[in-house]
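Q: Per our numbering, the very first residue in the sequence shown carries number 38; after that it's consecutive.
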Amino acid sequence: MTSVLLTKESQVSVWKYLSSILEKDGLSVKIMTDHEEFYSYVEAHQFNEIDFVLVDMSSVQLDSFNPYSLFLDEGILIPVVVYNDPFPQCDRRAFYWALKNEEYFNPIFTVSKLAKYSTIWIRLQNLLESPEINPYISCICREKEFSPEGNVSSFEDFLRKNHLGGLKEKLISYLYDRKNRKAAVSEICMYLWNEDSQKTRRHLCTLVHELRNFLKNKNVTFLQLLRVSKETYMLSVISAG
Numbered sequence: 038m039t040s041v042l043l044t045k046e047s048q049v050s051v052w053k054y055l056s057s058i059l060e061k062d063g064l065s066v067k068i069m070t071d072h073e074e075f076y077s078y079v080e081a082h083q084f085n086e087i088d089f090v091l092v093d094m095s096s097v098q099l100d101s102f103n104p105y106s107l108f109l110d111e112g113i114l115i116p117v118v119v120y121n122d123p124f125p126q127c128d129r130r131a132f133y134w135a136l137k138n139e140e141y142f143n144p145i146f147t148v149s150k151l152a153k154y155s156t157i158w159i160r161l162q163n164l165l166e167s168p169e170i171n172p173y174i175s176c177i178c179r180e181k182e183f184s185p186e187g188n189v190s191s192f193e194d195f196l197r198k199n200h201l202g203g204l205k206e207k208l209i210s211y212l213y214d215r216k217n218r219k220a221a222v223s224e225i226c227m228y229l230w231n232e233d234s235q236k237t238r239r240h241l242c243t244l245v246h247e248l249r250n251f252l253k254n255k256n257v258t259f260l261q262l263l264r265v266s267k268e269t270y271m272l273s274v275i276s277a278g
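#1: Assign leucine 260 to one of two classes, buried (16 or more other C-beta atoms within 10 Å of its C-beta) or exposed (fewer than that).
#2: Would the beta-carbon of valine 51 fall within 9 Å of that of histidine 82?
#3: With 16 other CB atoms within 10 Å as the buried threshold, where does alanine 152 fall?
#4: Taking just the CA atoms, how far does asparagine 256 sit from leucine 164?
#5: To the nearest angstrom, report how far apart serine 77 and serine 266 are at their CA atoms.
#6: CA-CA distance, lysine 198 and aspartate 214?
#7: Going by beta carbon distance, what residues of the same chain come within less than 6 Å of lysine 67, once the five residues before and after it are set aside?
#8: Is DSSP giving phenylalanine 146 helix, strand or coil here?
#9: Quick one: give me the first and last residue of the alpha helix (DSSP H) that valine 245 is part of.
#10: Between which two residues does the alpha helix (DSSP H) holding tyrosine 211 run?
#11: Which one or two residues does DSSP pair with leucine 260 in a beta bridge?
#12: With burial defined as no fewer than 16 other Cβ atoms inside 10 Å of the residue's Cβ, what is the status of valine 189: buried or exposed?
#13: Given that a residue counts as buried once 16 or more other Cβ atoms are within 10 Å of its Cβ, and exposed if not, what is tyrosine 228?
#14: Taking 9 Å as the threshold (C-beta atoms), are glutamate 169 and threonine 258 in contact?
#15: Tell me whether leucine 107 is buried or exposed, calling it buried when 16 or more other Cβ atoms sit within 10 Å of its Cβ.
#16: Between the beta-carbon of leucine 161 and the beta-carbon of alanine 131, is there less than 9 Å?
#17: What are the residues that DSSP puts in a beta bridge with lysine 67?
#18: Mind checking which residues open and close the beta strand (DSSP E) that includes phenylalanine 84?
#19: Would the beta-carbon of threonine 44 fall within 9 Å of that of aspartate 93?
#20: Got a sec, what are the start and stop residues for the alpha helix (DSSP H) valine 49 sits in?
#21: Between the Cα of valine 97 and the Cα atoms of Asn121, Ile113, Glu111, Pro116, which residue gives the shortest distance?
#22: Grouping DSSP H, G and I as helix and E and B as strand, with all else coil, what is glutamate 90?
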């Protein structure tokens with residue numbers, strides 16, 4: 038699945054991070070900041086190459102510029118997602134995006150016809166509201182500057198709020214101490230169980246799988262638990278504070 042984003046320069050950093058997350062969910066996002074280049078690209082690649090476009094409302098004047106109407110007038114029939122439109126309820130954004138497209142593009146696009154995008158739109162909706170991302174997304178209030186540096190207080194807040202306990206907390210704390218650096222499977226097993234064996238390695242795989250699901254379900258986006266190779270893991274830490 039492919040999308041093209043129109044945003045402003047100050048949002049590129051946070052969107053690069055968001056894109057890296059969404060890519061794992063099957064969505065590739067091309068980030069653009071020039072209006073003319075954006076519309077030229079979309080017009081040239083609209084057929085079977087772009088699933089939907091993302092528009093940053095802070096990069097355009099919505100009171101005098103309506104991307105839905107513009108696309109319709111130009112005959113560009115691609116769903117439009119003004120992702121930071123302030124009007125919908127936070128947990129209803131995905132449905133609102135579909136409804137807006139039905140309003141302008143019916144019968145070509147309706148809520149039911151756009152259902153194929155519901156999973157990725159809901160994922161985006163949840164990411165935009167996550168505490169690690171939300172303060173850095175431009176909307177009515179001025180956004181904070183996004184910084185790709187680790188933040189100890191964010192991790193400490195994460196531990197305090199989630200009460201992982203046991204081996205999960207021990208593992209993620211061990212990897213956090215070595216954040217953005219590779220950690221050997223053998224060393225991790227020795228740290229957790231004082232033994233490196235097939236049994237402990239299987240236990241480690243299970244722990245990692247459970248932690249990944251936990252992070253995803255909780256929309257924790259500043260921590261990514263990666264398997265770099267068969268013998269190494271790494272905790273990628275990106276903080277917006």
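By construction, the Cβ of each residue, glycine as well, lies at the ideal position given by its N, Cα and C atoms.
Being a predicted model, the structure only gives us computed values, none of them experimental.
A: A quick look at the data gives this:
#1: Looking up residue 260 in the sequence shown gives position 223. Flag for leucine 260 reads buried.
#2: To locate residue 51, count along the sequence shown from 1; it is residue 14. To locate residue 82, count along the sequence shown from 1; it is residue 45. Not in contact: valine 51 and histidine 82 (Cβ atoms no closer than 9 Å).
#3: Counting from one through the sequence shown, the residue named residue 152 turns up at place 115. Result: exposed.
#4: Residue numbering aside, residue 164 sits at position 127 when the sequence shown is read from its first letter. Residue numbering aside, residue 256 sits at position 219 when the sequence shown is read from its first letter. Cα to Cα, the separation comes out at about 6 Å.
#5: The residue you call residue 77 lines up with position 40 of the sequence shown. The residue you call residue 266 lines up with position 229 of the sequence shown. Looking at the two C-alpha atoms, the distance is approximately 40 Å.
#6: On the sequence shown, position 161 is the one that residue 198 refers to. On the sequence shown, position 177 is the one that residue 214 refers to. Each residue's Cα considered, the two are about 19 Å apart.
#7: As a working note, residue 67 is residue 30 in the sequence shown. Closer than 6 Å at the Cβ level, and outside the excluded window around lysine 67, lie Val41.
#8: Taking the sequence shown and counting its residues from 1, the one referred to as residue 146 is at position 109. In this structure, phenylalanine 146 counts as coil in the three-state DSSP scheme.
#9: One-based indexing of the sequence shown puts residue 245 at position 208. Element bounds for valine 245: 235–254.
#10: One-based indexing of the sequence shown puts residue 211 at position 174. 203–214 is the span of the alpha helix (DSSP H), which, as asked, contains tyrosine 211.
#11: What you label residue 260 is simply residue 223 of the sequence shown in a count that begins at 1. BP columns for leucine 260 point to Val274.
#12: By one-based count along the sequence shown, residue 189 stands at place 152. Residue confidence is low: valine 189 scores 44 on pLDDT, short of 50, so the model does not pin down where it sits. Its coordinate-derived value is still stated next. Exposed: under 16 other Cβ atoms inside 10 Å.
#13: Position 191 of the sequence shown, counted from the start, is the residue given in the question as residue 228. Tyrosine 228 should be labelled exposed.
#14: Taking the sequence shown and counting its residues from 1, one reaches residue 258 at position 221. Taking the sequence shown and counting its residues from 1, one reaches residue 169 at position 132. Yes, the pair counts as a contact, with Cβ atoms nearer than the cut-off.
#15: The residue labelled residue 107 in the question sits at position 70 within the sequence shown. Looking at its Cβ environment, which holds fewer than 16 other Cβ atoms inside 10 Å, leucine 107 is exposed.
#16: Position 124 of the sequence shown, counting from 1, holds the residue named residue 161. Position 94 of the sequence shown, counting from 1, holds the residue named residue 131. Yes, they are a contact pair.
#17: Looking up residue 67 in the sequence shown gives position 30. Answer is Val41, bridged to lysine 67.
#18: Numbered from its first residue, the sequence shown carries residue 84 at position 47. Careful: phenylalanine 84 lies outside any beta strand (DSSP E) and carries neither H nor E.
#19: Position 7 of the sequence shown, counted from the start, is the residue given in the question as residue 44. Position 56 of the sequence shown, counted from the start, is the residue given in the question as residue 93. Cβ atoms of threonine 44 and aspartate 93: closer than 9 Å.
#20: As a working mapping, residue 49 is identified with position 12 in the sequence shown. Run containing valine 49: 49–61, per the alpha helix (DSSP H) assignment.
#21: Walking along the sequence shown from the start, residue 97 turns up at place 60. Nearest option by C-alpha distance: Asn121.
#22: For this step, residue 90 is matched to residue 53 along the sequence shown. Just to set this straight, residue 90 is valine in the shown sequence, not glutamate. Valine 90: strand per DSSP, three-state reduction.
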